[in-house]
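Structure first, commentary second.
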Amino acid sequence: QQLTEGGVLGRALASVDAALQRVADLQPKDAHSATRGLSSALFAAEGAVSGLQRAASETAASRPAGMAIPTGDDISTLVDEDVRNNIVELRLCLERCVFIMRAEEGEAAQATSGEDRKEEELSVGAVVEVSGLTSSAEQGLNGQKGQLERYDEALGLWQLRLAVSGTRLLLGEDLVAGLRRSGAAAGLSPRGRSRSPRRLGNVRSLMQITQDAAADGDYVLVHHVVAWTGADAKPSPS
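Under UniProt numbering, the residues of the sequence shown are numbered 1 to 238, in order.
Next comes the structure, spelled out in structure tokens:
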């Protein structure tokens with residue numbers, strides 16, 4: 001039995017040693033830099049320690065009551081209750097390290113995506129997709145693509161010309177998404193028209209939208225712009 005215990009515990013302990021050595025090798029040189037792969041190494045170490053904890057607990061449970069630990073047997077001391085408590089503490093510490101590392105990686109990823117978004121700020125000529133309209137009369141517009149024509153600073157709204165129907169809408173910045181740099185990438189010609197005007201799909205005319213709104217007791221605000229001068233390409237910084 002002692003040989004079997006030593007084999008199981010020995011293999012588990014060897015896995016922990018190797019995993020912790022990997023963590024030590026990947027430790028950052030200073031407090032402000034994280035080594036690539038450290039998060040994965042910590043996760044692997046936490047798994048190895050969990051395996052050791054499980055092996056020690058199962059071995060302790062299978063031992064006859066009152067069985068003494070052989071003197072000088074370092075492996076068998078892993079079944080000692082105090083040692084097993086230390087293993088639990090080590091696992092919890094590694095879990096916290098994994099949590100912190102992954103949180104930092106998530107923040108870094110958000111910062112990177114935020115920088116990408118800054119490079120794709122809304123501007124006149126940008127191709128966007130309508131999203132977030134909740135009114136029953138307007139939900140059919142969600143998913144349609146168009147081109148931003150101007151920004152109305154007085155209203156704080158973007159004027160968007162839909163690609164297929166040519167309908168112009170005034171929308172808040174939170175209602176346009178899917179920004180693309182190239183009109184061709186969204187199937188738009190330079191004038192903002194669809195290359196396949198016959199493929200109307202679920203596109204509805206402004207009259208149909210108005211009729212549906214009236215039937216549901218809703219209303220549609222139509223802001224008709226005849227001409228403008230001095231249109232801003234983007235909102236002025238507040």
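For each residue, glycine too, the CB sits at the ideal point set by N, CA and C.
Can you have a look at alanine 18 and say buried or exposed, based on whether 16 or more other CB atoms are within 10 angstroms of its CB?
As a first step, residue 18 must be located in the sequence shown, where it is residue number 18. Exposed is the call here.
For a quick check, are the C-beta atoms of arginine 84 and serine 57 less than 8 angstroms apart?
Stepping through the sequence shown from its first residue, residue 84 is reached at position 84. Stepping through the sequence shown from its first residue, residue 57 is reached at position 57. Yes. Within cutoff.
Between leucine 20 and the rest of its own chain, which residues show a CB-CB distance below 6 angstroms, the 5 nearest in sequence each way excluded?
The residue labelled residue 20 in the question sits at position 20 within the sequence shown. Around leucine 20: Ala45.
Please report how far the alpha carbon of leucine 90 lies from the alpha carbon of alanine 41, in whole angstroms.
Within the sequence shown, the letter at position 90 stands for residue 90. Within the sequence shown, the letter at position 41 stands for residue 41. Cα-Cα distance, rounded: 15 angstroms.
From the DSSP output, in three-state form, read off aspartate 216 for me.
Sequence index remark: in the sequence shown, residue 216 carries index 216 (1-based). Looking at aspartate 216 - three-state DSSP - the assignment turns out to be coil, as it is neither helix nor strand.
Compute the Euclidean distance between the alpha carbons of alanine 55 and cysteine 97, then round it to the nearest angstrom.
Taking the sequence shown and counting its residues from 1, one reaches residue 55 at position 55. Taking the sequence shown and counting its residues from 1, one reaches residue 97 at position 97. Near 23 angstroms, if we compare the C-alpha coordinates of cysteine 97 and alanine 55.
Excluding the five sequence neighbours on either side, which residues of its own chain have a C-beta within less than 8 angstroms of the C-beta of leucine 38, listed in chain order?
Taking the first residue of the sequence shown as position 1, residue 38 is located at position 38. Answer for leucine 38: Val23, Leu26, Gln27, Pro28, Met101, listed in chain order.
Ends of the alpha helix (DSSP H) at leucine 52?
Looking up residue 52 in the sequence shown gives position 52. From DSSP, the alpha helix (DSSP H) with leucine 52 extends over 38 to 62.
How would you call threonine 59, buried or exposed, if buried means at least 16 neighbouring beta carbons within 10 angstroms?
Start at 1 with the first residue of the sequence shown, and residue 59 comes out as number 59. Its Cβ being crowded by 16 or more others within 10 Å, threonine 59 is buried.
Pick from Leu122, Ser135, Ala137, Gly47: whose alpha carbon is nearest that of glutamine 147?
Along the sequence shown, one-based indexing puts residue 147 at 147. Glutamine 147 has its Cα closest to that of Leu122, out of Leu122, Ser135, Ala137, Gly47.
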